[in-house]
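Be aware that the sequence shown starts at 100, since it is given in this note's numbering, and climbs by one per residue. Ideal placement from N, C-alpha and C gives every residue a C-beta, glycine not left out. The next block holds one structure in the form of structure tokens; read it before the comments.
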Amino acid sequence: MAVAWEHAWRALAARLCIPSRAQCAGGTTGALLEDDESPDALSPVPVCKQAVSRSGSRSSTELCAICLGGMRPGHGHALFTAECSHKFHFRCISSNVQHGNRACPICRAVWKHLPLPAKADATPLDWPDDQLPVSCAPDLSVFESKTTSGKREEDAVGASGVEVVSFAEFPYIQRSVTSEKFDILIHLKAPRPPAPSASSHTGAAIDILAVLDLSGSMAGNKLALLTRVLSFVIKSLGPNDRLSVIAFRHSAWSLFPFRKMTAAGRRHSFQALADGLPVAGGVSNVAEALRKAAWVTGDRQVRNPACSVLLLSDGLGGREAATWQCGRPSLVYDALVPRSICPGSGHHVRVHAFGLGAYQDSAVMRGIAEMSGGTFSSIDTVGEIPDVVGRYIGGLRSVVAQETRLSFHCAEQGVLLTCVASGGYASTVDGHKGGEFVDVGDLYAGEERNILVTVHVPTTHGKDSALLVPSCTYRVAVTMETVCIEGDTVIVHRPRHPVSPSPLSVEVERERHRISAMEGMAMAWNAVELGDFVHAAMILEGRRVELESWALLSVDAPTLALVAELREFQDRLGTRQRYKRSGRAYILAALNAHPWQCVTASGGDSGLLLPEAVEELTRSTPVAPSSILTLPVGQDDQGSPGGTMTLTC
100 MAVAWEHAWR ALAARLCIPS RAQCAGGTTG ALLEDDESPD ALSPVPVCKQ AVSRSGSRSS
160 TELCAICLGG MRPGHGHALF TAECSHKFHF RCISSNVQHG NRACPICRAV WKHLPLPAKA
220 DATPLDWPDD QLPVSCAPDL SVFESKTTSG KREEDAVGAS GVEVVSFAEF PYIQRSVTSE
280 KFDILIHLKA PRPPAPSASS HTGAAIDILA VLDLSGSMAG NKLALLTRVL SFVIKSLGPN
340 DRLSVIAFRH SAWSLFPFRK MTAAGRRHSF QALADGLPVA GGVSNVAEAL RKAAWVTGDR
400 QVRNPACSVL LLSDGLGGRE AATWQCGRPS LVYDALVPRS ICPGSGHHVR VHAFGLGAYQ
460 DSAVMRGIAE MSGGTFSSID TVGEIPDVVG RYIGGLRSVV AQETRLSFHC AEQGVLLTCV
520 ASGGYASTVD GHKGGEFVDV GDLYAGEERN ILVTVHVPTT HGKDSALLVP SCTYRVAVTM
580 ETVCIEGDTV IVHRPRHPVS PSPLSVEVER ERHRISAMEG MAMAWNAVEL GDFVHAAMIL
640 EGRRVELESW ALLSVDAPTL ALVAELREFQ DRLGTRQRYK RSGRAYILAA LNAHPWQCVT
700 ASGGDSGLLL PEAVEELTRS TPVAPSSILT LPVGQDDQGS PGGTMTLTC
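And the structure:
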């Protein structure tokens with residue numbers, strides 16, 4: 100019996116290309132058997148031509164080609180018969196499929212109907228991690244059916260891709276009329292995530308580099324606020340997200356490199372902060388810190404799909420970059436932000452600046468954010484952290500489209516592009532099609548972008564005029580696949596006689612009012628900087644009344660929200676003291692957000708907030724003494740000892 104079994108084993112090993120018995124762990128036959136099988140159950144059957152399949156292996160009705168265990172009925176094993184008629188132990192083949200194998204281990208036929216995964220409580224196969232079965236497929240995507248691929252892409256970007264919708268100012272233009280300024284609104288909308296919870300870790304993983312200001316101006320309450328913000332960031336990141344921290348005074352140094360925010364990664368991060376954060380003091384050199392940040396982000400060996408820099412500072416150390424222009428000192432932000440991370444470079448990384456404390460140089464922080472294409476927000480109290488930072492983290496974790504580019508060109512001869520209101524996004528002339536394209540960049544789940552295009556419409560003899568052809572290209576953040584979407588051609592009817600009344604597009608009018616309000620905010624801020632508070636209040640009052648009258652007539656909720664923001668602007672400009680304390684930072688944050696159509700602390704969709712992070716920050720339940728870390732916060736704003744700051748992890 101032993102000699103016959105040895106001959107059968109050698110024949111089977113030669114046909115299946117599996118290691119010999121001498122190379123197997125343990126060196127015995129029992130190592131190849133399931134726990135509830137015996138060698139007697141595998142007594143060999145004489146090999147004949149009828150018992151050998153076309154692939155050269157023994158018939159699958161006798162041995163499982165994965166574990167080489169017996170598959171005779173009545174031994175308590177569930178069997179799986181594939182489309183190619185080969186049989187395997189169910190738990191063996193389901194585990195094999197979970198490792199990415201979609202082909203038959205015997206004949207290499209690609210399966211369309213796969214076995215369901217084995218239950219979590221099932222006993223796993225005794226395959227070491229570095230010794231998987233030799234029948235693994237080289238590339239999962241090659242053997243993946245179109246249905247499975249489509250479902251995975253749909254899960255990645257939601258129910259659909261980015262939407263491109265156009266709205267013409269009027270649906271009709273008389274044939275004999277030439278319109279010198281005809282507005283068309285191109286609306287982009289990113290898909291919502293498939294899961295309703297924004298806190299689920301199913302989106303693209305992100306890399307965040309936190310840059311901490313530890314100069315003397317940050318001593319006291321500002322440093323305490325900084326540690327609370329950083330604690331919130333650590334607790335908000337998922338296990339696949341990575342965090343690195345840089346601190347700076349007159350020079351910059353790294354506290355720890357990029358690490359995943361698993362449970363162990365969070366503990367190590369809190370401990371590194373407790374050991375590496377010194378007492379605030381000395382001068383600030385934010386330019387050196389950003390140069391260090393540019394080097395760290397550019398030197399990453401492993402890169403998550405999304406990456407950004409989180410700058411936590413009061414901005415009071417950025418005035419050393421001032422130069423003389425037109426006979427007076429003028430801040431040049433080119434000296435602060437390295438060109439290697441600015442838009443248009445091969446390594447663009449956005450710097451999201453968060454001004455801390457009541458007294459801060461918000462102009463410096465806003466300038467840094469705008470130079471890099473990031474956002475600026477102000478945090479005065481601990482209570483603002485969940486709203487402001489929660490939107491930032493929630494947005495990064497819900498990126499669905501990257502490198503988004505909106506293109507459009509004129510559809511007919513005689514139609515000319517005259518103006519493109521793209522806000523902070525750069526627009527470039529497309530020399531090939533005679534149109535333009537706007538680089539929108541990243542889109543978070545559910546985010547919307549509006550681009551107002553003005554065209555010249557000539558007279559015509561036809562019934563319709565095709566004006567504009569929009570299209571959009573972007574890269575799916577999860578699958579890294581490039582997608583191109585062609586929008587519908589913008590067509591207006593050209594009646595022979597005037598049509599009265601011709602309805603005005605609500606979407607176009609709303610965007611006009613938003614641009615008008617943004618221009619009013621900028622004019623009011625310039626007046627306040629010159630000390631003319633009365634003129635600034637008059638500008639805001641005029642724009643507010645104009646918007647409010649139209650919003651009440653059309654019952655337009657977004658415009659009413661804009662009216663409330665203008666009213667808040669007026670209130671922040673009430674006194675010079677309040678403007679210096681918090682009004683300046685509030686206004687600059689709004690002026691930074693509106694050109695990019697982003698969300699700041701002043702308002703927006705609360706769907707990006709992270710419930711679990713907010714709960715961890717605000718709850719007052721006691722924690723174990725072993726999970727408490729104490730950080731020094733130096734001196735307060737009056738110079739008295741500031742004590743320590745306690746973080747829980």
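Return the residue from the list Q501, L178 and A405 that minimises the CA-CA distance to H289.
For the record, residue 289 in the displayed sequence is Ala; it is not His. For the residues Q501, L178 and A405, the minimum Cα distance to A289 belongs to Q501.
Reduced DSSP secondary structure (H/G/I, E/B, other) of S526:
strand
Of all Cβ atoms in chain B, is any one closer than 8 angstroms to the Cβ of V633?
Looking at the structure shown, chain B is missing, and only one protein chain is on hand.
Span of the alpha helix (DSSP H) around K61
Nothing can be reported for residue 61: it is not among the residues displayed for the chain, which extend from 100 to 748.
Going by DSSP, what residues sit across from A520 in a beta bridge?
L551
Between which two residues does the beta strand (DSSP E) holding K288 run?
S278 to K288
DSSP bridge partner residues for I305 (one or two, in chain order)
A405
Note down the Cα distance separating S330 from S407, rounded to an integer number of angstroms.
17 angstroms
Please return the same chain residues whose Cβ sits closer than 8 angstroms to the Cβ of L716, not counting the five positions on each side in sequence.
For L716, the pLDDT reaches just 43, beneath the cut-off of 50, and the residue's location in the model is therefore unreliable, leaving the point undetermined.
Residues near E511 by beta carbon distance below 6 angstroms, same chain, minus five either side:
A565
Provide the residue span of the alpha helix (DSSP H) that contains S615, from first to last.
V605 to E628
Within its chain, find whatever has a CB closer than 6 angstroms to the CB of L415; leave out the 5 residues flanking it on each side and keep chain order.
Correct list, in chain order: S316 and D460.
Go ahead and label Q197 buried or exposed: buried means 16 or more other beta carbons lie within 10 angstroms of its beta carbon, across all protein chains shown.
exposed
Return the chain-ordered ranges of every beta strand (DSSP E) run that is complete within the segment 346-395 and spans a minimum of 3 residues.
351-359
What separation, rounded to the nearest whole angstrom, lies between the Cα atoms of A462 and Q696?
19 angstroms
Assuming S314 contacts S383 under a Cβ cut-off of 8 angstroms, what Cβ separation, rounded to an integer in Å, is found between them?
4 angstroms
Between P270 and P602, how many whole angstroms is the CB-CB distance? I'm expecting something under 8 angstroms.
7 angstroms
Whole-angstrom distance between M360 and N339, CA atom to CA atom
7 angstroms
I need the straight-line Cα distance from Q676 to F475, nearest angstrom please.
Roughly 22 angstroms between the two C-alpha positions.
For V633, count the other beta carbons within 10 Å of its own beta carbon; 16 or more makes it buried, fewer makes it exposed. Which is it?
exposed
I'd like the list of long-range same chain contacts for C441, defined as Cβ closer than 8 angstroms, with 5 residues on each side in sequence excluded.
Counting only Cβ-Cβ distances below 8 angstroms, and skipping sequence neighbours, we find H447, M470, S471 and G472.
Does DSSP classify A181 as helix, strand or coil?
coil
Under a three-way DSSP split, which group does F189 fall into?
helix
Using the C-alpha atoms, what's the distance from D312 back to S477?
15 angstroms
C-beta contact flag for C509 and G534 at 8 angstroms
It is a contact, given that the beta carbons lie within the stated cut-off.
So does the segment 580-587 actually touch the segment 539-553, counting three or more Cβ pairs closer than 8 angstroms?
no
Distance, I305 Cα to L409 Cα
12 angstroms
Apart from the five residues on each side of it in sequence, which residues of its chain come closer than 8 angstroms, Cβ to Cβ, to H560?
Excluding sequence neighbours, H560 sits near R274.
Have a look at G380 and F347 and give me their C-alpha separation to the nearest angstrom.
10 angstroms
Helix or strand or just coil, what does DSSP make of R666?
helix
How long is the line joining the alpha carbons of A318 and R683, rounded to whole angstroms?
Answer to the nearest angstrom: the Cα atoms are 22 angstroms apart.
Can you name, in chain order, every residue of its own chain whose Cβ lies under 6 angstroms from the Cβ of A626, other than the five neighbours on each side?
H634 and A635
Just to confirm, are F536 and I285 a CB contact at a threshold of 8 angstroms?
Against a cut-off of 8 angstroms, the Cβ pair of I285 and F536 comes out as no contact.
Grab me the residues of C183's own chain with a C-beta within less than 7 angstroms of its C-beta, minus the 5 sequence neighbours each way, in chain order.
C203, C206 and A208
Alpha helix (DSSP H) segment containing H693, residue limits:
R683 to W695
With distances taken from CA atoms, which of G493, T396, H185 and V514 is nearest K280?
V514
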